[in-house]
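In what follows, a single structure is set out as structure tokens and then discussed.
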Amino acid sequence: MSLIDTIWNWCVDLLHNDIWFYLITTVVKLVLMFAVILAFVVLSVWIERRVAGWIQDRPGPNRAGIPLQLFQRFGSKEKQPLKEWLHFFGIPESCWIAKLCTWLRLDREIPTFGLMQPCLDGGKLFLKQELTPSYVRKVYFTIAPMLVLGPPMVAAAVIPFASSVSTEFGDINMVVANIGIGPLWIFAISGLSVYGLTLAGWSSNSKYPFLGGLRATAQLISYEVAMGLSIIPLLMMFSTLNMQDIVQYQADNGWTLLPLWGEGLSWQRWALLLPLGLSFIIFVTCVFAEANRTPFDMAECETDLVGGYHSEYSSMKFASFFMGEYAAMVIGSALVVTLFLGGWSIGFGADAALHSVCSWLAVFCQFIMFLIKLVAFIFFFVWVRWTLPRFRWDQVMKLGWLVFLELAVANIFLTAAVLYFVK
Amino acid sequence: MDFAISSILFYVFAAMTLICACAVIFSRNPVTSAMNMALCFAGTAALLFGMGAQFLGIVQIIVYAGAILVLFLFVVMMLDIRTEEEDNSFSVFRSLVRMAPGALVAGVFGSMICIAALKLPGATEWNNPLCTACDSIGELAIGEQEPTQVQQSGKYGAALPKLNPAVAAKVLNPAISDEEAAAATSMPDVKLLGQRLFTDYNVAFVILSFALLAGTVGAVALSRKIRKD
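From first to last, the protein sequence lines are chains G and B.
Mapped onto the working numbering, the consecutive letters of the first sequence carry residue numbers 1 to 423.
Mapped onto the working numbering, the consecutive letters of the second sequence carry residue numbers 424 to 652.
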């Protein structure tokens with residue numbers, strides 16, 4: 001008993017030290033954020049394939065369950081466990097429950113609804129032969145996939161996933177790095193993944209990957225300009241760059257696109273919806289282009305470039321590109337959710353009400369809310385991919401430079417006019 | 424903690440920046456040079472972060488590492504690198520001709536930086552420059568904020584001076600009281616920079632913008648093919 005007391009007291013003492021408290025909470029938040037991002041990379045692959053199947057009127061990967069034969073092999077004598085269970089509960093085999101169970105393939109496997117499929121695909125890619133062509137530039141060929149996968153993970157550090165909690169040891173702010181330059185950090189760091197694409201294309205030393213790399217570079221740089229300009233109207237409204245403050249403002253005064261409570265009910269705020277909606281459209285399109293997703297996947301469009309910049313890659317190096325692309329999609333979705341759709345805020349004043357009851361409960365609910373919004377936006381991403389056809393290369397460039405750039409600049413002046421004359 | 428992690432990181436990143444800067448010059452492969460330059464920019468950004476100037480650091484990454492250098496890489500990759508790599512024939516005259524403009528430019532920039540550095544407060548007091556620099560910052564110090572650690576230790580190069588948020592808040596808005604300024608925790612560097620750019624340096628800012636615009640228009644005019652028909 002005294003031993004447990006000693007350990008407990010030691011932990012409390014440790015947490016009362018500011019530096020240790022900061023280190024421990026930061027590491028915990030870091031691990032949580034990494035786990036969320038990596039889990040969402042896997043989950044978004046599954047969502048992508050299931051929704052693709054749904055849209056194209058086919059099942060998609062709905063199997064990959066754990067086969068019951070596996071248990072038989074390890075000594076279980078029952079050949080048909082489902083029938084045994086039905087007999088045990090006294091349910092006739094023609095009953096709807098039995099039919100439902102058969103439809104769910106419970107007689108053959110423990111179903112996972114295809115959720116195991118991405119994991120198994122990952123395993124397959126791990127076990128595949130790693131083939132490095134002899135003509136590539138080896139150093140850059142090796143570091144290119146790392147440069148694609150790394151930046152989105154680092155960029156996630158500034159995204160808040162819940163509000164803050166005050167404990168007896170100090171306040172815990174539910175964001176890994178609470179710095180005053182939130183969106184800029186994400187632009188800067190995720191913009192660095194362009195090096196990976198360019199180097200992959202160049203170091204492959206082969207024509208199609210090179211073209212893919214060049215396209216990726218040109219496209220990312222072009223759309224970064226419009227993307228940066230499109231959030232200026234938001235920053236004019238929030239007048240802060242700190243992500244946690246941005247979300248707190250939305251929790252108090254209505255989400256950027258849904259001002260239905262707090263100060264958001266004033267007609268001045270509703271007048272701002274026009275420029276904000278415009279910047280939402282520009283921003284989301286640019287996020288699509290930045291994440292190299294259809295309709296903007298020029299860099300890897302298989303009809304004219306074989307596989308684009310990753311044509312020469314195999315096994316886990318190819319998988320790194322794949323994962324990097326999905327991680328960029330997850331980060332892009334998280335950024336859109338944070339800036340436009342209220343981030344972690346539950347809305348309608350529920351945040352403050354929950355905080356007055358129990359702040360841990362509030363933080364938990366907000367975290368769940370954030371994940372729900374994230375999944376919803378990833379679904380939107382996938383929906384667009386399987387609905388719209390791919391643009392032509394010159395159309396992509398024209399859209400970026402001749403439409404979105406001008407629109408974004410005009411939008412800044414429009415917002416300034418609205419803020420000046422209406423408020 | 425007695426030692427400041429930021430001081431250790433300063434030396435680590437400063438060393439990284441310098442090594443990468445040398446590698447830019449010494450590597451024969453232009454792509455390696457460009458990548459080293461990217462690391463060099465990243466190191467500079469890290470130094471700025473360490474001083475608390477987050478906005479400047481992130482702008483360094485967005486503008487230089489994220490855009491300008493990528494365009495560099497873009498052009499470099501399209502060059503035929505082999506001719507550059509195999510051109511090893513040595514000639515005294517040719518190397519002199521190559522070196523002279525570079526040395527001239529480097530000399531001009533080097534002396535510019537030296538003059539600028541010498542004009543900083545305390546820079547000419549050779550025995551203890553950091554200390555004097557901190558004293559002059561310390562005059563601005565507000566309330567009970569200790570000026571810096573350097574002043575206490577009184578040793579050359581003990582700990583690096585940090586930017587003081589309270590001073591920055593006071594500079595940004597002289598109307599606020601000392602207590603309010605002392606309560607400031609984070610550097611309002613975006614606001615400070617914006618204020619300086621659009622008031623003191625407004626003319627230079629506008630002239631530079633026009634120079635960039637002229638450059639852009641010129642590039643478009645030069646690269647556009649004019650059809651004969």
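C-beta atoms are modelled at their ideal positions from N, C-alpha and C, and glycine is treated no differently.
It should be emphasised that the depicted structure is a prediction, and the values quoted were computed from it without experimental measurement.
Check	Outcome
Have a look at G:T167, G:V154 and G:Y208 and flag the residue whose alpha-carbon is nearest the alpha-carbon of G:G182.	G:V154
With respect to the beta strand (DSSP E) encompassing G:D171, which residues constitute its N-terminal and C-terminal limits?	D171 to N173
How is the beta strand (DSSP E) around G:S204 delimited, first residue to last?	Element bounds for G:S204: n/a, residue is neither H nor E.
Just how far apart, CA to CA, sit G:A144 and G:G264?	46 Å
By a C-beta neighbour count over all protein chains shown, 10 Å radius and 16 as the cutoff for buried, is G:D13 buried or exposed?	exposed
Could you say which of G:A216, G:H310 and G:I346 lies nearest to G:P133 if we only look at CA atoms?	G:H310
G:T294 and G:R390 - do their beta-carbons sit closer together than 7 Å?	yes
Check for me: the alpha helix (DSSP H) holding B:S518 runs from which residue to which?	V515 to L541
Give a yes or no on whether the C-beta atoms belonging to G:S314 and G:L197 are separated by under 7 Å.	no
According to DSSP, is G:L258 part of a helix, a strand, or is it coil?	strand
Tell me the rounded alpha-carbon separation between B:S576 and B:S430.	No answer about B:S576 holds up, because its pLDDT of 42 lies below 50 and its placement is not dependable.
What does the alpha-carbon distance come out to for the pair G:I378 and G:A328?	11 Å
Starting from G:V165, trace the beta strand (DSSP E) in both directions and tell me its first and last residue.	S164 to S166
Return no unless some Cβ of chain G is closer than 7 Å to the Cβ of B:G489.	yes
Quick one: is B:G533 buried, meaning 16 or more other Cβ sit within 10 Å of its Cβ, or exposed?	exposed
Can you pull out the residues from the stretch 456 to 467 of chain B whose beta carbon lies closer than 9 Å to at least one beta carbon of chain G?	M458, A461 and A465
What are the residues that DSSP puts in a beta bridge with G:P67?	G:E109
Listed from N- to C-terminal order along the chain, which residues in the stretch 443 to 454 of chain B have their beta-carbon within a distance smaller than 8 Å of any beta-carbon of chain G?	V454
Does B:L496 have its Cβ less than 7 Å from a Cβ in chain G?	yes
Could you tell me which chain B residues have their CB closer than 8 Å to the CB of G:E325, listed as they occur along the chain?	The premise fails here: G:E325 is roughly 18 Å from chain B at the closest Cβ pair, so nothing lies under 8 Å.
Nearest-angstrom Cα distance between G:G212 and G:L305?	7 Å
Cα separation between G:A156 and G:I189?	9 Å
Name the chain B residues whose beta carbon is nearer than 7 Å to that of G:L15?	The contacting residues do not exist; G:L15 stays about 17 Å from chain B at best.
Measure from the C-beta of G:I172 to each C-beta in chain B and report whether the shortest distance is under 7 Å.	no
Along the stretch 234 to 263 of chain G, what residues have a CB closer than 8 Å to any CB found in chain B?	L241
Residues in the stretch 522 to 537 of chain B with C-beta within 7 Å of chain G's C-beta atoms, listed in sequence order?	none
Along the chain, which unbroken stretches of the alpha helix (DSSP H) at least 4 residues long are found entirely within the stretch 349 to 413 of chain G?	350 to 357, 359 to 385 and 393 to 398
Going by alpha carbons, who is nearest to G:K398 out of G:M323, G:F296 and G:S320?	G:F296
CB-CB under 7 Å to G:N62, same chain, minus the five flanking residues each way: which ones, in chain order?	F113 and G114
On the DSSP letters alone, give me the boundaries of the alpha helix (DSSP H) that G:F321 sits inside.	S315 to F340
Let me make sure I understand the geometry here. Which of G:I24, G:V158, G:M298 and G:L339 has the alpha-carbon closest to that of G:G277?	G:L339
For G:Q59, does the count of other Cβ atoms within 10 angstroms reach 16, so buried, or fall short, so exposed?	Checking the sequence, you will find Pro at residue 59 of chain G rather than Gln. G:P59 should be labelled exposed.
Would you verify that the beta carbon of G:T142 is, or is not, closer than 7 Å to some beta carbon of chain B?	no
Mind reading off the beta-carbon distance from G:M369 to G:W344? Whole number of angstroms is fine, and I expect it under 8 Å.	6 Å
Looking at chain B, which residues of the stretch 172 to 190 of chain G have a Cβ within less than 7 Å of any of its Cβ atoms?	I179, G180, I181, L184, W185, F187 and A188
What is the DSSP secondary structure of B:S576, reduced to helix, strand or coil?	Per-residue confidence for B:S576 stands at a pLDDT of 42, beneath the threshold of 50, marking its modelled position as unreliable; the derived number appears in the next sentence. In this structure, B:S576 counts as helix in the three-state DSSP scheme.
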